[in-house]
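Trainee: To start, I am sharing the structure in question, which I have written as structure tokens.
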Amino acid sequence: MSQTPRVEPHAAQASPVPAAGERRGVGAAHAKAILFGEHAVVYGAPAIAIPVDSLTAEATIDVGGPAGLRIASSLYTGPVAGAPARLTPVVTVIRAALERAGLPELARCEASSSTAANSSAPGAVAEGPGATVTIASSIPHERGLGSSAAVAAAIARAAFDLAGAELDSETLFDLIQTAERVAHGTPSGIDARTVAATGAIRFNRGSVAPIRIGEPLILAFADTGHPGSTAQAVASVQALRAREPASTDALLSRLAEIAEHSIDDLAMGDRGAVGAAMSEAHAILHRVGVSSDRLDAIVAAACDAGATGAKLTGGGLGGCIIAVADSEAHAEQIGVAMRGAGAERTWTVEVPAA
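According to the UniProt record's numbering, the sequence shown is numbered sequentially starting from 1.
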């Protein structure tokens with residue numbers, strides 16, 4: 001998938017080369033974006049999603065050095081036992097992946113006494129082997145691009161690479177979902193499937209099917225600079241559905257219809273139809289309460305700049321916008337307009353014909 005980001009959201013840092021005698025496992029995964037079907041997918045409707053290869057998460061696991069299990073990342077560096085609560089999904093998948101890969105001695109390399117159990121405490125001495133999990137990601141956090149799922153996938157792949165074990169697709173999915181349940185409560189599974197996909201997919205009730213892209217699809221992405229909250233947005237829609245079941249179900253059904261009809265539009269390479277579908281989908285997402293003034297302003301700016309359509313992608317209440325452009329040059333122009341409307345950064349993604 002040929003994709004050229006205009007601005008890298010975060011700079012990934014390479015991990016140091018392991019010393020002689022140390023073992024290393026490496027893994028990586030890409031971001032994702034939902035084209036159609038947000039929120040309706042929670043109720044069993046189909047959704048269409050694409051991998052975003054230009055934004056990646058990378059993980060390395062190095063065995064050696066001081067005893068104990070450690071994390072090194074832009075959010076926290078130190079013993080796993082001292083990791084902040086926001087990294088609980090990461091800690092969960094590190095331990096689960098090492099266990100599933102056949103490396104329980106690393107997953108459990110904690111101190112044996114209550115005093116030493118928190119190896120960040122003064123004077124604590126961890127027992128057992130030592131390992132450091134280094135995480136680097138260019139995927140913006142909490143923007144609806146699958147950051148947590150991609151990090152989990154990268155860690156799982158690194159653990160199995162370290163063990164020299166084969167990682168099948170279902171085990172990978174299960175491990176990502178282990179982290180996603182901690183991060184999001186009851187994830188649909190679309191993030192876990194798409195960060196491991198090699199092309200556009202139709203996701204429905206856990207099943208995945210590849211879809212055809214008839215002509216290259218040029219998308220201008222914009223980051224609002226505000227974090228989204230999938231859990232909060234899903235809860236908001238659930239509350240609306242409880243208050244107004246008939247009208248909310250009608251809107252969610254229409255989102256499902258748009259997603260299903262888009263498969264033919266994408267196969268025919270009809271950018272106009274794809275863009276029109278995106279604009280209609282965004283209007284519905286606004287009506288169910290998961291858009292925001294900033295999201296709406298950026299969508300409007302994209303359309304004023306000639307995008308055939310634009311919408312939020314992901315849970316909403318922040319996060320990112322996608323807009324359909326005629327060319328890469330046009331996507332750059334749309335990006336300028338979206339930044340003028342308040343977007344923090346923009347980049348261009350090309351979904352190739354496939």
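Positions of the beta carbon are idealized from the N, C-alpha and C atoms, including for glycine.
#1: Which same chain residues, not among the five before or five after residue 324, have their C-beta less than 6 angstroms away from its C-beta?
#2: List the residues that DSSP assigns as beta-bridge partners of residue 55.
#3: Using DSSP bridges, identify the partner residues of residue 223.
#4: Near residue 201, which residues of its chain fall below 7 angstroms by C-beta distance, leaving aside the five closest residues on each side in sequence?
#5: I need the DSSP call for residue 143, collapsed to helix, strand or coil.
#6: For residue 171, report the span of its alpha helix (DSSP H) as first-last.
#7: For residue 84, report the span of its beta strand (DSSP E) as first-last.
#8: Alpha carbons only, please: which of 289, 338 and 291 is nearest the one belonging to residue 301?
#9: For the 8 angstroms Cβ check, are there 3 or more pairs between the region 179–190 and the region 132–140?
#10: With a Cβ-Cβ cutoff of 8 angstroms, do residue 213 and residue 28 count as a contact?
#11: Just how far apart, CA to CA, sit residue 71 and residue 344?
#12: Measuring alpha carbon to alpha carbon, tell me which residue in 245, 24, 103 and 47 is nearest residue 33.
#13: Name the one or two DSSP bridge partners that residue 203 has.
#14: Looking at the unbroken alpha helix (DSSP H) that takes in residue 231, where does it start and where does it end?
#15: Could you pull the DSSP bridge partners for residue 276 from this structure?
#16: Once DSSP output is grouped into helix, strand and coil, what is the label at residue 90?
#17: Kindly indicate which three-state DSSP category residue 270 falls into: helix, strand or coil?
#18: Taking the straight line between their C-alpha atoms, what separation do you get for residue 177 and residue 99?
#19: Could you pull out every residue in the same chain whose Cβ sits closer than 6 angstroms to the Cβ of residue 217, ignoring the five residues on either side in sequence?
#20: Determine the extent of the alpha helix (DSSP H) in which residue 339 is found, giving its start and end residues.
#21: According to DSSP, simplified to helix, strand and coil, what is residue 60?
#22: Where do the N-terminal and C-terminal ends of the beta strand (DSSP E) with residue 108 fall, by residue?
#23: Going along the chain, which residues of its own chain have a beta-carbon closer than 8 angstroms to the beta-carbon of residue 290, five neighbours each way excluded?
#24: In the structure shown, what three-state DSSP assignment does residue 30 receive?
#25: State the DSSP-derived secondary structure class of residue 290, mapped to helix, strand or coil.
#26: From this set, 215, 283 and 335, which residue's C-alpha is nearest residue 267's C-alpha?
#27: Assuming contact is defined by CB atoms lying nearer than 8 angstroms, are residue 295 and residue 321 in contact in what I supplied?
#28: Going by beta carbon distance, what residues of the same chain come within less than 8 angstroms of residue 251, once the five residues before and after it are set aside?
#29: How many Å lie between residue 64 and residue 106 at the Cα?
#30: Does the beta-carbon of residue 347 have 16 or more other beta-carbons within 10 angstroms, so that it is buried, or is it exposed?
#31: When the Cα of residue 342 is compared with those of 79, 293, 332 and 90, which residue comes out closest?
#32: Residue 25 bridges to which residues according to DSSP?
#33: Give every residue of the same chain whose Cβ lies closer than 7 angstroms to the Cβ of residue 254, excluding the five residues on either side of it in the sequence, and list them in chain order.
#34: Tell me which same chain residues have a C-beta within less than 6 angstroms of the C-beta of residue 114, skipping the five on either side of it?
#35: For residue 248, name the three-state secondary structure that DSSP assigns.
#36: Note the first and the last residue of the continuous alpha helix (DSSP H) segment covering residue 194.
Mentor: Taking the structure as given:
#1: Same-chain partners within the cutoff: 271, 274, 275, 307, 308 and 309.
#2: Bridge partners of residue 55: none, in fact.
#3: Paired residue(s): 320 and 345.
#4: Here residue 201 has 49, 193, 194, 208, 209, 210 and 211 as same chain residues with Cβ atoms under 7 angstroms from its own Cβ, once five neighbours each way along the sequence are excluded.
#5: In the three-state reduction of the DSSP assignment, residue 143 falls in the coil class, being assigned neither a helical nor a strand state.
#6: Where residue 171 is concerned, the enclosing alpha helix (DSSP H) stretches over 169–184.
#7: Careful: residue 84 lies outside any beta strand (DSSP E) and carries neither H nor E.
#8: Nearest of 289, 338 and 291 to residue 301, Cα basis: 338.
#9: No, they do not touch.
#10: Going by C-beta atoms, residue 213 is not nearer than 8 angstroms to residue 28.
#11: Roughly 29 angstroms between the two C-alpha positions.
#12: When each option's Cα is compared against that of residue 33, the closest is 47.
#13: Looking at the DSSP output, residue 203 sits in a beta bridge with 47 and 208.
#14: Residue 231 -> alpha helix (DSSP H) spans 230–243.
#15: BP columns for residue 276 are empty, so no partner.
#16: The answer is helix: DSSP assigns residue 90 an H, G or I state.
#17: Looking at residue 270 - three-state DSSP - the assignment turns out to be coil, as it is neither helix nor strand.
#18: Roughly 15 angstroms between the two C-alpha positions.
#19: Correct list, in chain order: 351.
#20: It spans 328–340 - the alpha helix (DSSP H) in which residue 339 sits, taken as one unbroken run.
#21: In this structure, residue 60 counts as strand in the three-state DSSP scheme.
#22: DSSP places residue 108 in no beta strand (DSSP E); its state is neither H nor E.
#23: So the list reads 38, 39, 233, 236, 237, 312, 315, 316 and 317, once near-sequence residues are dropped.
#24: Of the three classes helix, strand and coil, the one that applies to residue 30 here is strand, per DSSP.
#25: Coil, per DSSP.
#26: Checked all of 215, 283 and 335; the closest Cα to residue 267 is 215.
#27: Cβ distance < 8 angstroms, so residue 295 and residue 321 count as in contact.
#28: Result list for residue 251: 284, 287 and 288, in chain order.
#29: Between residue 64 and residue 106, the C-alpha separation is close to 11 angstroms.
#30: In this structure residue 347 is buried. Its beta-carbon is surrounded by 16 or more other beta-carbon atoms within 10 angstroms.
#31: The shortest C-alpha separation from residue 342 is found at 293.
#32: According to DSSP, residue 25 bridges with 61.
#33: Excluding sequence neighbours, residue 254 sits near 284.
#34: For residue 114, the predicted structure reports a pLDDT of 33, less than 50, and the residue's modelled location is therefore unreliable. A value from the coordinates is still provided. None.
#35: Three-state DSSP puts residue 248 in a helix.
#36: Here the alpha helix (DSSP H) through residue 194 covers 190–194.
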